[in-house]
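Protein chains in written order, with our numbering: chain A, 14 to 262; chain B, 1038 to 1329.
Here a beta-carbon is modelled for each residue, glycine too, at the ideal position from N, C-alpha and C.
What you are looking at is a predicted structure, and each value in this text was computed from that prediction instead of being measured.
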Amino acid sequence: MADTAAMAWRQYRLERKLFWRNPSAAFFNFLLPLLFLAFFGAILHGNQHDLNVIVPGIAGMSVMSTTFTALAFNMTFLREQGVLKRIRGTPMPGISYLAGIAGNAITNTALQIAIITVAGRLFFGTGWPRDWGELLLFVAAGVVCFASLGVAFSHAIPNFDSAPAYVNAVFLPVIFISGVFYDAARAPGFIKGIAQALPLKHLIDGLSGAMVKGTSIATNVSALGVIAAWAVLGVALAVRGFSWEQRRS
Amino acid sequence: MRCVPECAIEVHGLRKSYGEFEAVRGIDFEVRRGEVFGLLGPNGAGKTTTVEILEGYRARSEGTVSVLGFDPGGRSRALRARVGIVLQSTGLYRHIRVREAVAHFGAMYPHPRDVDEVVELTGLAGKEDALARTLSGGQLRRLDLALALVGDPELIFLDEPTTGFDPAARRNAWDTIRSLKQLGKTVLLTTHYLDEAQALADRVAIIKDGRILIEGAPQELGADGGPARYRVAYRNGDGSVNERQTDDPTTLLHELTGAALARGERLEGLSVTRPTLEDVYLELTSKEPAGG
Ligand SMILES: Nc1ncnc2c1ncn2[C@@H]1O[C@H](COP(=O)(O)OP(=O)(O)OP(=O)(O)O)[C@@H](O)[C@H]1O
Ligand SMILES: [Mg+2]
């Protein structure tokens, strides 16, 4: 057990090092959401209503991009390259390896949420989060949900070359309909309906409650329920479909 | 054949189907501890399939296999700690450094070898700080070997380990493999280089279409009664080369030299060549499969 944890830690440290060595991963996973934040923050300067929407919106998008997008890409790459297969031939427990990879993604999530939180206080007039516990809870729920969905989604991606197309075909529509950039309440009905069924809008609602509105967890408990339901589905699909080797097409 | 005290690898009646297609069709072999065993055979013969079943990557369809006393299908961690694997093709993180990779993989094993020693042994000295993505194909392959050896395994699977090596690198790899043998390690090697098999393997099996055609020590396979024949060559009076094949070089030489002496001539450029592993291999594998 101690051994399993030690190996997970070692893998995590390696993943962190490699993450910063890969400029494009660092850019897309890390800087892009912050650039969005700076950009919209500048445009919406002085418009507190919209800033109150964009800060939790970008926070929700960050959770999704650092977990869902990053893991769908990484798992596809590692599987296609045969890194997973190579690891599978060593005595390192699979769970240690996956924990290292997931830990890497979660660290990016935590860093981004921290930066967005500080930026909200310093630049965007949203102040400190009203409820830190609620913030933590929703970020954690979002991480589990989107990380597992990312791993599950990687099973549907045939090869690394097509990974950007597959991932963006999900990521872009979801962030547009889920109210990352505008108040979702103003969207047309059928878009609202779709967004309502997906987890990101609920994550943003929860984050908004925690960071800006100060609504209690009780108000957003149904949002948490939807995220949890997707998380259950994500974990089930991630585990069931998991393969260490690329299937032959 | 029984191994004393125990075989490193035992394979009995092994079969593997991919859907309708049967890639391995009932093979049996044993690898003794401390032995270098070569699996030879043309593309698609079933070598990688067999090796990856022994490594625990693929499930067998039929038969029994035992690796260091374990069923590899059970994927025991204790077994993996004692086995090193060079896969036919695998990648690595693009942004990892050579020494970092060797150290990282070493740390997965209970009793790893010294990292610098392994780097040196696999000919990667001077490349310690290079990123994997900047290595040449042959250097990456050496890194594969380094990662397989750093855990100090008892049993090493090498699936075409020297493909892409320059001639000097190949000789170095041979020395490395010999050094493993000296350390008492067991090696299961597949290769398309027959000189490599001849140089390294204590015994080889030639497989084709999922069946073992012949098995034995490389020098025995070419011996009398084997599938390939001696070649006797000499020059005719007009300088053209005459080559004959025979199972019985003694008689043939007697006839040829007798006739030449009777004519008062000499057999210029006379040579008798024992069949090499390559002759045996080509003889056996060039035949069309029976009924297929
Ligand atoms: N995963 C798979 N699915 C379907 N067929 C497969 C699979 N793996 C191997 N085969 C088929 O099984 C046969 C044996 O393949 P294998 O890779 O074992 O050959 P090999 O002897 O290692 O060949 P090579 O020398 O080219 O590496 C081939 O005809 C191959 O096409
Ligand atoms: Mg092969």
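DSSP state of S1098/B mapped onto helix, strand, coil: Reading the second sequence from its first residue, position 61 is the one you call residue 1098/B. Three-state result, S1098/B: coil.
Range of the contiguous beta strand (DSSP E) that encloses D1196/B: Locating residue 1196/B in the second sequence gives position 159, where the first residue counts as 1. Here the beta strand (DSSP E) through D1196/B covers L1192 to D1196.
8 Å Cβ cutoff, V76/A in contact with chain B: Counting from 1 along the first sequence, the entry for residue 76/A is found at position 63. Taking Cβ atoms only, chain B never reaches closer than 8 Å to V76/A, which makes this a no.
G1111/B in three-state terms, based on DSSP: As a position in the second sequence, residue 1111/B is number 74, starting the count at 1. Note: G1111/B maps to helix in three-state DSSP.
Note down the Cα distance separating L1051/B from R1097/B, rounded to an integer number of angstroms. The residue you call residue 1051/B lines up with position 14 of the second sequence. The residue you call residue 1097/B lines up with position 60 of the second sequence. Answer to the nearest angstrom: the Cα atoms are 7 Å apart.
Over what stretch of residues does the beta strand (DSSP E) that includes T1283/B continue unbroken? As a working note, residue 1283/B is residue 246 in the second sequence. Its beta strand (DSSP E) spans residues V1278 to T1283.
Residues of chain B with a CB under 7 Å from the CB of L31/A: which are they? Here the question's residue 31/A lines up with position 18 in the first sequence. Going along chain B in sequence order, the residues near L31/A (Cβ under 7 Å) are Y1130, H1132 and I1133.
Contact test: N117/A Cβ vs ligand 4 heavy atom, cutoff 7 Å: Among the ligands in the structure shown, ligand 4 does not appear; only ligand 1 and ligand 2 can be found there.
Which residues does DSSP pair with E1305/B in a beta bridge? As a first step, residue 1305/B must be located in the second sequence, where it is residue number 268. In DSSP, E1305/B forms a bridge with R1272/B.
So is I1193/B in contact with chain A if we call contact Cβ pairs under 8 Å? Along the second sequence, read from residue 1 onward, the residue named residue 1193/B stands at position 156. No, I1193/B lies away from the interface with chain A (no Cβ there is under 8 Å from its Cβ).
Interface residues of chain B around Q259/A at Cβ under 9 Å? For the purposes of this step, residue 259/A is identified with residue 246 of the first sequence, where counting begins at 1. Here the premise fails: no neighbours, minimum Cβ distance about 11 Å.
With a threshold of 7 Å on Cβ separation, who are the neighbours of M74/A within its own chain once the five nearest residues in sequence on each side are excluded? Walking along the first sequence from the start, residue 74/A turns up at place 61. Closer than 7 Å at the Cβ level, and outside the excluded window around M74/A, lie P46, I188 and V193.
Contact between the region 1117-1132 of chain B and the region 1174-1183 of chain B is defined here as three or more beta-carbon pairs at a separation below 8 Å; is this criterion met? Touching, per the Cβ criterion.
Scan the region 109-124 of chain A for residues whose Cβ lies nearer than 7 Å to a Cβ of chain B and list them as they occur along the chain. Against chain B - using a Cβ distance shorter than 7 Å - the region 109-124 of chain A contributes no residues.
Which of helix, strand or coil DSSP assigns to R260/A: As a first step, residue 260/A is located in the first sequence; it is residue number 247 there, counting from the start. Coil at R260/A, not helix or strand.
What are the boundary residues of the alpha helix (DSSP H) that V11/A is part of? There is simply no residue 11/A to check, as chain A begins at 14 and stops at 262 in what is shown.
Chain-ordered chain D contacts of V96/A [CB-CB under 9 Å]: The chain labelled as chain D is not found among the protein chains of the depicted structure, namely A and B.
Report the rounded CA-to-CA distance for A1162/B versus V180/A, giving the unit in angstroms. By one-based count along the second sequence, residue 1162/B stands at place 125. By one-based count along the first sequence, residue 180/A stands at place 167. Computed Cα separation, rounded: 41 Å.
For D1166/B and V76/A, what's the separation of their Cα atoms in angstroms? On the second sequence, residue 1166/B is found 129 positions in, with the first residue counted as 1. On the first sequence, residue 76/A is found 63 positions in, with the first residue counted as 1. Near 34 Å, if we compare the C-alpha coordinates of V76/A and D1166/B.
Once DSSP output is grouped into helix, strand and coil, what is the label at A1327/B? The sequence position of residue 1327/B within the second sequence is 290, counting from 1. With a pLDDT of 49 at A1327/B, under the threshold of 50, the predicted position of this residue should be treated as unreliable, and no value is reported.
So is Y195/A buried or exposed if we call it buried at 16+ other beta carbons inside 10 Å? The sequence position of residue 195/A within the first sequence is 182, counting from 1. Exposed, since its Cβ has fewer than 16 Cβ neighbours within 10 Å.
Only counting the same chain, and skipping five residues up and downstream in sequence, which positions put a Cβ closer than 7 Å to that of Y1130/B? The residue you call residue 1130/B lines up with position 93 of the second sequence. Closer than 7 Å at the Cβ level, and outside the excluded window around Y1130/B, lie A1169.
For N35/A, go through chain B and note every residue whose CB falls closer than 8 Å to its CB, in chain order. The residue labelled residue 35/A in the question sits at position 22 within the first sequence. Ordered by position in chain B, the residues that pass the 8 Å Cβ test against N35/A are R1131 and H1132.
Measure the alpha-carbon distance for F184/A versus V1156/B and round it to whole angstroms. Position 171 of the first sequence, counted from the first residue, corresponds to residue 184/A. Position 119 of the second sequence, counted from the first residue, corresponds to residue 1156/B. Distance between the alpha carbons of F184/A and V1156/B is about 43 Å.
Compare the Cα-Cα distances from Q9/A to each of F173/A, R134/A, P106/A and N172/A and report the closest residue. What the structure shows of chain A is the stretch from 14 to 262, and residue 9/A is not part of that stretch, so it cannot be assessed.
Option in A1254/B, D1151/B, G1247/B and R1303/B with minimal Cα separation from I1064/B: Indexing the second sequence from 1 puts residue 1064/B at position 27. Ranking A1254/B, D1151/B, G1247/B and R1303/B by Cα distance to I1064/B puts G1247/B first.
Apart from the five residues on each side of it in sequence, which residues of its chain come closer than 7 Å, Cβ to Cβ, to F173/A? Here residue 173/A is taken as the residue at index 160 of the first sequence, counted from 1. For F173/A, where only same-chain residues beyond five positions count, the Cβ hits under 7 Å are T89, F90 and E93.
Nearest to Y1318/B by CA position, among R1272/B, D1232/B and V1278/B, is which residue? As a working note, residue 1318/B is residue 281 in the second sequence. For Y1318/B, the nearest C-alpha among the options comes from D1232/B.
For the pair the region 130-146 of chain A and the region 215-233 of chain A, tell me if three or more CB-CB distances fall below 8 Å. yes
Assuming the contact rule is C-beta atoms closer than 8 Å, R29/A and T120/A should be a hit. Round their C-beta distance to whole Å, please. Reading the first sequence from its first residue, position 16 is the one you call residue 29/A. Reading the first sequence from its first residue, position 107 is the one you call residue 120/A. With a Cβ gap of about 7 Å, R29/A and T120/A count as contacting.
Work out the CA separation of A18/A and R199/A for me, nearest whole Å. Here the question's residue 199/A lines up with position 186 in the first sequence. Here the question's residue 18/A lines up with position 5 in the first sequence. Computed Cα separation, rounded: 47 Å.
Ordered along the chain, which non-local residues of its own chain (more than five positions away) have a Cβ less than 8 Å from that of A1327/B? Start at 1 with the first residue of the second sequence, and residue 1327/B comes out as number 290. Any answer about A1327/B is weak, because its pLDDT of 49 lies below 50 and its placement is not dependable; what the coordinates show is given next. None.
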